[in-house]
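Under my numbering, the residue at position 161 of the sequence shown is numbered 1128, and the numbers go up by one with no gaps.
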Amino acid sequence: MSNRQTVGLFGTVAIGLASMLGAGVFVVFREGYLLAGSWVWAALALAALVAALNSSSVYRLARIIDRPGGTYAYARVFLNDGWSFAAGFAFVAGKIGSIAAIALALGEYVYAPARKWVGIVAILVMTVINVLGIQRTAGVAAVLAGVTTSFVFATVLLGLVLPVTPIAEPRIMLPSDPSWYVITAASIFFFAFAGYARVATLGNEVRDAKRNIPRAIVIVLTAVTILYFGVLFVLQSWLGTNLAISEAPFVAFFDQISPGLGWIVLPVVILATLGSILALLAGVSRTAAEMAADRELPKLFEARNRFGSPWVSEVAIALGASALVLLADNLAWAIGFSSFAVLFYYAVAHLSVCFMSAVDSVSGRKMTPVGRVAPVLGIALCLTLAMCVPGPAFAVSSTILIVAVALRALLRGRLAR
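Structure follows, in structure tokens:
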């Protein structure tokens, strides 16, 4: 007998917050400022706009479909199984990269000489928690998200109420035309936003999913957007151009308040990164399980234990992420790979919304021309940011995606003969 677990609105919001307020908030502000300089606010605003458009499409889709898998499931209804596979593959591959990047960031903070092994241990521990069921995942995520959210809020509050301490600013060379790098900086910031709609991948493991998942998306995105703008204002006000050279801006901020106070950041970073890994594993494994149920992946990945967790998918994703931790070295490029995959994934979500009216039996109502403006704009912005991710991420990721889709078509063509 199955003891399938479900979570309510609170647990769903906790998983969403844990997904977003992970390693991203501790690493993207330096990279974004270094790229965009004085245009950093425009870059953050652009990332927030893309996130808002993405969430609006997922909101509309989640109100209709409660099947796990997020955009993978939506595309299967409103588009076709080809688009669905492309979205699901991009999501799984991209988020394996995200898990590896976050694990590497955790290792850097905890013990840099053994950062890879620290990251692998974190992945394996979070996998065990996920395998024990979604309620345990939500419970742990609630604790981790609560600590991280409180810390980020306290940081913003302290930065606003305390008098700014003058600091010597180094003479550094920011881009001569930073406006050129705004889109690339926005793709970096987007890494910290990705996660608000990950709760949609939980589907019917959320009680009253068609009501609670959309509500959770709105709550999570609104809260995190406000916090991110507050963080940027505080860090830029207190650190000035030092923000561009500080590998740990939060540590630098607290050390400026009181020398030696920066140590308090470490335990929060540990909790934040663990929470993000936990939520990522939960969302990605369920997408993989749904793909297996549709025979887009081997049937073995569909297997669930007595807690309702897709344990084979959990273990396989953990092993894949651990392998990437051993192979990867450049954190910024890892972020780029993740951002590309997730931006493509959300572009497919927008495309699904554009075709919602074609499935009257599911949607129940026609979409007005005005209703298509947001998803069309979302597609354009997602693809623009995806093409501007740092390093070789665009070339490598797009090639992998094209090869995966082509191999699927080839194998299916042979089976059909």
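Every residue gets a Cβ at the ideal spot worked out from N, C-alpha and C, and that includes glycine.
Relative to the C-alpha of A918, which residue among N1209, L1377 and F1156 is closest? Nothing can be reported for residue 918, as the shown portion of the chain is limited to 968 through 1384.
Taking buried to mean at least 16 other C-beta atoms within 10 Å of its own C-beta, is K1266 buried or exposed? Residue mapping note: residue 1266 aligns to position 299 of the sequence shown, counting from 1. By the neighbour-count rule (16 or more Cβ atoms within 10 Å), K1266 is not buried but exposed.
In this structure, how does DSSP classify V1282 when only helix, strand and coil are distinguished? Counting from 1 along the sequence shown, the entry for residue 1282 is found at position 315. Of the three classes helix, strand and coil, the one that applies to V1282 here is helix, per DSSP.
At a threshold of 7 Å, does R1271 count as lining the ligand PLP (C-beta to nearest heavy atom)? Among the components of this structure there are no ligands whatsoever, and the ligand PLP is therefore not found.
By the 10 Å Cβ neighbour count, where 16 or more other Cβ atoms means buried, how is Y1078 classified, buried or exposed? Residue 1078 sits at position 111 when you count from the first residue of the sequence shown. With fewer than 16 other Cβ atoms within 10 Å, it is exposed.
Quick one, which of G1197, F1045, S1243 and F977 has its alpha-carbon nearest L1127's? For this step, residue 1127 is matched to residue 160 along the sequence shown. Of the candidates G1197, F1045, S1243 and F977, the one whose C-alpha sits nearest the C-alpha of L1127 is G1197.
Please report how far the alpha carbon of A1260 lies from the alpha carbon of R1034, in whole angstroms. As a first step, residue 1260 is located in the sequence shown; it is residue number 293 there, counting from the start. As a first step, residue 1034 is located in the sequence shown; it is residue number 67 there, counting from the start. Going by the C-alpha atoms only, they are around 12 Å apart.
For the alpha helix (DSSP H) holding G1242, just list the boundary residues, first then last. Within the sequence shown, numbered from 1, the residue matching residue 1242 stands at position 275. Note, G1242: alpha helix (DSSP H), V1232 to A1260.
Span of the alpha helix (DSSP H) around P1181: Your numbering for residue 1181 matches position 214 in the sequence shown. Where P1181 is concerned, the enclosing alpha helix (DSSP H) stretches over A1176 to L1206.
Proximal residues to G1358 (C-beta, below 6 Å), its chain only, five neighbours per side dropped: As a position in the sequence shown, residue 1358 is number 391, starting the count at 1. Around G1358: W1300 and G1303.
Straight-line gap, A1371 to G1113 (C-alpha atoms, nearest Å): What you label residue 1371 is simply residue 404 of the sequence shown in a count that begins at 1. What you label residue 1113 is simply residue 146 of the sequence shown in a count that begins at 1. Distance between the alpha carbons of A1371 and G1113 is about 39 Å.
Relative to the alpha-carbon of S1305, which residue among H1317, L1247, M1323 and F1220 has its alpha-carbon at the smallest distance? Walking along the sequence shown from the start, residue 1305 turns up at place 338. For the residues H1317, L1247, M1323 and F1220, the minimum Cα distance to S1305 belongs to L1247.
Just verifying my parser: in three-state terms, what is the DSSP assignment at V1173? Position 206 of the sequence shown holds residue 1173. Three-state DSSP puts V1173 in a strand.
Tell me the residue span of the alpha helix (DSSP H) that contains A1301. If you number the sequence shown from 1, residue 1301 lands on position 334. Membership of A1301 in the alpha helix (DSSP H) is indicated by the continuous run L1298 to C1321.
Inter-residue Cα distance where the pair is R1182 and I982: Translated into positions along the sequence shown, residue 1182 becomes position 215. Translated into positions along the sequence shown, residue 982 becomes position 15. The alpha-carbon atoms of R1182 and I982 are separated by roughly 13 Å.
Just the C-alpha distance for S1276 and N1097, rounded to the nearest angstrom, thanks. For the purposes of this step, residue 1276 is identified with residue 309 of the sequence shown, where counting begins at 1. For the purposes of this step, residue 1097 is identified with residue 130 of the sequence shown, where counting begins at 1. Going from the Cα of S1276 to the Cα of N1097 covers about 7 Å.
Check whether A1159 and Y1000 have beta carbons under 8 Å apart: Your numbering for residue 1159 matches position 192 in the sequence shown. Your numbering for residue 1000 matches position 33 in the sequence shown. No.
Hey, could you find the ends of the alpha helix (DSSP H) A1081 is sitting in? The count along the sequence shown starts at 1 and reaches residue 1081 at position 114. Taken as a continuous stretch (DSSP letters only), A1081 belongs to no alpha helix (DSSP H), as it is neither H nor E.
Going along the chain, which residues of its own chain have a beta-carbon closer than 7 Å to the beta-carbon of S1204, five neighbours each way excluded? Locating residue 1204 in the sequence shown gives position 237, where the first residue counts as 1. Leaving aside the five residues that flank S1204 on each side, the residues in its chain whose CB is nearer than 7 Å to its CB run, in chain order, G1126 and V1131.
Report the three-state DSSP secondary structure of V1044 (helix, strand or coil). As a working note, residue 1044 is residue 77 in the sequence shown. When secondary structure is reduced to three states using DSSP, V1044 falls in the helix class.
In whole angstroms, what is the alpha-carbon distance linking A1362 and C1355? Counting from one through the sequence shown, the residue named residue 1362 turns up at place 395. Counting from one through the sequence shown, the residue named residue 1355 turns up at place 388. Their Cα atoms are separated by approximately 10 Å.
Burial state of S1457 (16 or more Cβ within 10 Å): Coverage of the chain is limited to positions 968 through 1384, which leaves residue 1457 absent and any answer about it impossible.
I'd like the list of long-range same chain contacts for I1346, defined as Cβ closer than 7 Å, with 5 residues on each side in sequence excluded. Here residue 1346 corresponds to residue number 379 of the sequence shown, with the count starting at 1. Contacts found: A1314, H1317 and L1318.
Which residue marks the beginning of the alpha helix (DSSP H) containing R1271, and which one marks its end? Indexing the sequence shown from 1 puts residue 1271 at position 304. No alpha helix (DSSP H) holds R1271; DSSP gives it neither H nor E.
Count the CB pairs spanning the segment 1213-1227 and the segment 991-1010 that are closer than 8 Å, and state whether there are at least three. yes
L1374: buried (16+ other C-beta within 10 angstroms of its C-beta) or exposed? Position 407 of the sequence shown, counting from 1, holds the residue named residue 1374. Burial state of L1374 is exposed, judged by a 10 Å Cβ sphere holding fewer than 16 other Cβ atoms.
Among L976, V1017 and G975, which has the Cα closest to the Cα of T1192? By 1-based counting over the sequence shown, the position of residue 1192 is 225. Comparing Cα-Cα distances from T1192 to each of L976, V1017 and G975, the minimum goes to V1017.
Output the distance between the C-alpha atoms of S1117 and L1377, rounded to the nearest integer angstrom. On the sequence shown, position 150 is the one that residue 1117 refers to. On the sequence shown, position 410 is the one that residue 1377 refers to. Answer to the nearest angstrom: the Cα atoms are 51 Å apart.
Do A988 and A1239 have their CB atoms nearer than 8 Å? As a working mapping, residue 988 is identified with position 21 in the sequence shown. As a working mapping, residue 1239 is identified with position 272 in the sequence shown. Per the sequence presented here, residue 988 reads as Leu, with Ala not at that position. Contact flag set, yes.
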